[in-house]
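Note sheet for the following structure.
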Amino acid sequence: MTTATRIFSRRAALALGLALLAAACAKSPSELDNQLGAGAGGAGAATPGSAQDFVVNVGDRVFFDTDSTSLNTEAQTVLGRQAQWLALYPRYTVTVEGHADERGTREYNLALGARRAKAAQDFLVARGVTANRIKTISYGKERPVALCDQDSCWAQNRRAVTVLNTGG
Amino acid sequence: MRKLVRTLFAALAAVAFVTAAAPSNAEITININGGNVQPLPIAIPNFVGGADTAAVGQQMAGVIAADLQRSGLFQVLNQASYVDRITDPNAVPNFQNWRAINAQALVSGGIVRAADGRLQADFRLWDVFGGAQLAGQQYFTTPENWRRIAHIIADAIYERLTGEKGYFDTRIVFVDESGPKGNRVKRLALMDQDGANVRYLTNGKDLVLTPRFSPTSQVVTYMSFGTAEPRVYLLNIESGQRTLVGNFPNMTFSPRFSPDGNSVIMSLEQDGNANIYAMPIGGAPARLTNTAAIDTSPSYSPDGSRIVFESDRGGNQQLYVMSAGGGGATRISFGNGRYSTPVWSPRGDLIAFTRQSGSGFAIGVMKPDGSGERILTEGFHNEGPTWAPNGRVIMFFRDSGGPNGGPQLFSVDLTGRNEQKVPTPNFASDPAWSPLLK
């Protein structure tokens, strides 16, 4: 995680302009959060059904507006892809981690993260993923992936991350 | 003697005046060095000791001086300015020599090793202009405990001269934060209120948050992540024994003791909502709120009859007060912004809170009916107030933000004018102030 964060920070700094592209923002932390991609070839090389496939080709996380738990169109698209992928690979169970940015108080953010995880879980269930395959946990604001003092970073921290638990 | 006492009461009266006169919604600019309170000049020579106790006598005077100075109510005179020495702590001092340096109060003390190996400390508090003794006391303690005696003496001086209980013989439990921001190691830590004697209560393997003392200061309730759901625990400070509070299938968080210490109040997360439960230690939980909202950060009134908490049931975080048995709640916060982390003062007269508005986070106080709101400090990020046991000082954490930033502890008095950084070994957050130690 430490290394991943450092790499991400450096990358974010180098690619300041590119960081404005939402897609790029969304993918970079996904790859690195899960310690994937390193030495495993590019996105195209991911084995179908692997954790890397899920992170790189499906997208493991969705993002939220400030103090919001609503799933926007892009988030719904990503979660829809997750549901399809999980239908293809029933050996996986998942934990949806809810996170908040640092611009809130600690206890409220724990509850807000739980709400975000629940929103993502509900969407996956509505798209056919069995409820007992999905656990949720909230980390509040305790696990940021982007560390600057701007909304470009805070926006990446307001997230629900679907983490694969078994199989693969 | 009368004159001296009156002088300090006048200072406190000035505090009260400032309190009442501040406009309720103004965002006061904090001037740390300003203030209307005229600190009382006090001389604190080193405690007189023998060959084996002179060093600790000097250290004790230093601890007492630091406590009183940080309160903002005293001006401890520089020892270099003293024209007289205390050689016999039990003799009446030559007041003329202390008037010469404009000391209004004088502390004389002695420290010797008793026959049984313990330290014996004596102190006397003198009214320099009145020429009279105001207080005097003798204490025995084990040698390693000398700092506590110094704090107890500072409390005795504070109480004698202000008429208020002191708060120096107290501890802080907090979250020690080390390592990079993206991968913080958080440990529960305990220290004296002045930052001395830091001791770690957890090893950093599990993420731990929001420790709070029991009324006896012997037990801490806190939240810990581990292999299972994040949950609320009790930790006995002396024995290290850890106990799970309740047995819920979901996350429990935001714990705080009841004033009698017999139960813990906390939030339970369920289906994306958070409701407040009272958990009698070893008993069955009682559900106190029932909303499709985030109800959290509960804090009892000191008489145990009411609970203040935050809820976003009205759309965003605001403060509410309800009966200790639950039921209907009355919103008390109506200013600009989101209000959170309410904590009832041990005196019962005020509720401290975090207020988020615009781009900043402020610490403020209001009366339990929501009136008289005042902001004590504000900036990029201030959060999580906790009260000194006398209800005159608030500690909180301030985060500098940024990739390498982190939280640090600060204290501020009720005037908002005496703000002090509280020393900690690393970054630190979630301070909780103990009651006066027994």
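Residue numbers (this note's numbering), protein chains in the order written: chain U, 56 to 223; chain A, 759 to 1196. From the three backbone atoms N, C-alpha and C, an ideal C-beta is built for every residue, glycine too.
Contact under 8 Å by Cβ, residue i with residue j
{"i": "Pro988/A", "j": "Ser997/A", "result": "no"}
{"i": "Ile930/A", "j": "Pro1189/A", "result": "yes"}
{"i": "Ser1069/A", "j": "Trp1102/A", "result": "no"}
{"i": "Pro1104/A", "j": "Pro1147/A", "result": "yes"}
{"i": "Ala1199/A", "j": "Pro803/A", "result": "There is simply no residue 1199/A to check, as chain A begins at 759 and stops at 1196 in what is shown."}
{"i": "Gly168/U", "j": "Ser207/U", "result": "no"}
{"i": "Thr968/A", "j": "Glu162/U", "result": "yes"}
{"i": "Tyr980/A", "j": "Leu965/A", "result": "no"}
{"i": "Arg1150/A", "j": "Asp1171/A", "result": "yes"}
{"i": "Ser1012/A", "j": "Ala1036/A", "result": "no"}
{"i": "Val180/U", "j": "Asp115/U", "result": "no"}
{"i": "Glu157/U", "j": "Pro199/U", "result": "yes"}
{"i": "Thr811/A", "j": "Leu883/A", "result": "no"}
{"i": "Thr191/U", "j": "Gln176/U", "result": "yes"}
{"i": "Asp934/A", "j": "Asn1184/A", "result": "yes"}
{"i": "Ile1034/A", "j": "Phe1006/A", "result": "no"}
{"i": "Asn1140/A", "j": "Ile1109/A", "result": "no"}
{"i": "Val9/U", "j": "Arg213/U", "result": "In the structure as shown, chain U begins at 56 and stops at 223. Residue 9/U is therefore absent and cannot be evaluated."}
Chain-ordered chain A contacts of residue i [CB-CB under 8 Å]
{"i": "Pro199/U", "result": "Lys939, Gly940"}
{"i": "Arg170/U", "result": "Gly1030, Asn1031, Ile1052"}
{"i": "Lys196/U", "result": "Result: empty, since nearest Cβ-Cβ is about 10 Å, beyond 8 Å."}
For residue j and residue i, believed in contact at Cβ under 8 Å, the rounded distance
{"i": "Asp880/A", "j": "Gln896/A", "result": "5 Å"}
{"i": "Gly830/A", "j": "Val1180/A", "result": "Not really, about 14 Å apart at Cβ, beyond 8 Å."}
{"i": "Pro1017/A", "j": "Gly1072/A", "result": "So it is not a contact: roughly 28 Å between Cβ atoms."}
{"i": "Phe1168/A", "j": "Met1153/A", "result": "7 Å"}
{"i": "Asn1162/A", "j": "Lys939/A", "result": "7 Å"}
{"i": "Pro973/A", "j": "Phe1015/A", "result": "6 Å"}
{"i": "Ser1055/A", "j": "Ser1091/A", "result": "Not a contact, Cβ separation roughly 12 Å."}
{"i": "Gly183/U", "j": "Ala138/U", "result": "6 Å"}
{"i": "Val117/U", "j": "Ala130/U", "result": "4 Å"}
{"i": "Gln1075/A", "j": "Arg1089/A", "result": "Wrong, their Cβ atoms sit about 11 Å apart, outside the cutoff."}
{"i": "Ile995/A", "j": "Leu948/A", "result": "7 Å"}
{"i": "Phe932/A", "j": "Ala1186/A", "result": "5 Å"}
{"i": "Thr1112/A", "j": "Gly1174/A", "result": "Not confirmed; about 15 Å, so no contact."}
{"i": "Gln1166/A", "j": "Arg828/A", "result": "Rounded, the Cβ-Cβ distance is 16 Å, inconsistent with contact."}
{"i": "Gln817/A", "j": "Trp904/A", "result": "7 Å"}
Listed by chain order, chain U residues near residue i by CB distance under 7 Å
{"i": "Ser1098/A", "result": "Thr160, Tyr163"}
{"i": "Ser1115/A", "result": "Result: empty, since nearest Cβ-Cβ is about 12 Å, beyond 7 Å."}
{"i": "Ser1055/A", "result": "Glu162"}
Chain A contact residues for residue i, given Cβ-Cβ distances below 9 Å
{"i": "Ala174/U", "result": "Gly1030"}
Partner residues on chain U for residue i, Cβ-Cβ distance less than 9 Å
{"i": "Met1153/A", "result": "Those do not exist, as Met1153/A stays about 15 Å from chain U at its closest Cβ, beyond 9 Å."}
{"i": "Leu965/A", "result": "Tyr194, Glu197, Arg198"}
{"i": "Asp1188/A", "result": "Arg161"}
{"i": "Thr1112/A", "result": "Thr160"}
Amino acids of chain U, ordered along the chain, whose beta-carbon sits closer than 8 Å to that of residue i
{"i": "Phe1011/A", "result": "Glu162, Leu165, Ala166"}
{"i": "Thr960/A", "result": "None at all; the shortest Cβ gap to chain U is about 15 Å."}
{"i": "Thr920/A", "result": "Neighbours of Thr920/A on chain U: none; closest Cβ ~32 Å, over 8 Å."}
{"i": "Thr968/A", "result": "Arg161, Glu162"}
Proximity test, residue i beta-carbon vs the ligand GTP heavy atom, cut-off 7 Å
{"i": "Asp115/U", "result": "In the structure shown, the ligand GTP is absent, as is every other ligand, since no ligand is present at all."}
**Request:** Closer than 8 Å, Cβ to Cβ, to anything on chain U: give me those residues from the segment 1020-1046 of chain A, in chain order.
**Result:** Ser1025, Glu1027, Asp1029, Gly1030, Asn1031, Ala1032
**Request:** Can you give me, in chain order, the residues of the segment 1066-1083 of chain A that have a beta carbon less than 9 Å from any beta carbon in chain U?
**Result:** Those residues of the segment 1066-1083 of chain A that come within reach of chain U (Cβ to Cβ, closer than 9 Å) are Glu1068, Asp1070, Asn1074, Gln1075.
**Message:** I'd like the ranges of any beta strand (DSSP E) spanning at least 3 consecutive residues and lying wholly in the segment 911-985 of chain A.
**Reply:** Considered as a whole, the segment 911-985 of chain A harbours 929-936, 943-950, 966-971, 977-982 as its complete beta strand (DSSP E) runs of no fewer than 3 residues, in chain order.
**Asked** Listed in chain order, which residues of the segment 981-992 of chain A have Cβ atoms closer than 9 Å to some Cβ of chain U?
**Response** Met981, Phe983, Glu987, Pro988
**Asked** Listed from N- to C-terminal order along the chain, which residues in the segment 1123-1150 of chain A have their beta-carbon within a distance smaller than 9 Å of any beta-carbon of chain U?
**Response** Only those residues of the segment 1123-1150 of chain A whose C-beta falls short of 9 Å from the nearest C-beta of chain U are listed: Phe1138, His1139, Glu1141, Gly1142.
**Request:** Quick one: which unbroken beta strand (DSSP E) runs of 3-plus residues sit fully inside the segment 859-899 of chain A? Chain order, please.
**Result:** 863-871, 877-885, 890-899
**Request:** Taking only runs that begin and end inside the segment 1043-1125 of chain A, name each unbroken alpha helix (DSSP H) of 4 or more residues, in chain order.
**Result:** Residue ranges of uninterrupted alpha helix (DSSP H) with 4 or more members are absent from the segment 1043-1125 of chain A; none lies entirely inside it.
**Item:** Interface residues of the segment 1159-1183 of chain A facing chain U [CB-CB below 9 Å]
**Value:** Gly1159, Gly1160, Pro1161, Asn1162, Gly1163
**Request:** Can you give me, in chain order, the residues of the segment 202-223 of chain U that have a beta carbon less than 7 Å from any beta carbon in chain A?
**Result:** Leu202, Cys203, Asp204
**Request:** Anything in the segment 816-844 of chain A with a Cβ closer than 8 Å to a Cβ of chain B? List those residues in chain order, please.
**Result:** Any reference to chain B falls outside this structure, whose protein chains are U and A.
**Prompt:** At which residue ranges does the segment 137-184 of chain U contain complete alpha helix (DSSP H) runs of 4 or more residues, listed in the order of the chain?
**Reply:** 161-181
**Message:** Threshold first: 3 residues or longer. Then list the beta strand (DSSP E) segments lying entirely within the segment 1115-1181 of chain A, N to C.
**Reply:** 1118-1124, 1132-1137, 1140-1145, 1151-1157, 1165-1171, 1177-1180
**Request:** Name, going along the chain, the residues of the segment 887-916 of chain A whose beta-carbon falls closer than 8 Å to a beta-carbon of chain U.
**Result:** none
**Request:** Would you mind listing the beta strand (DSSP E) stretches within the segment 996-1051 of chain A that are 3+ residues and don't spill past its ends, in chain order?
**Result:** 1000-1002, 1010-1015, 1021-1028, 1031-1038
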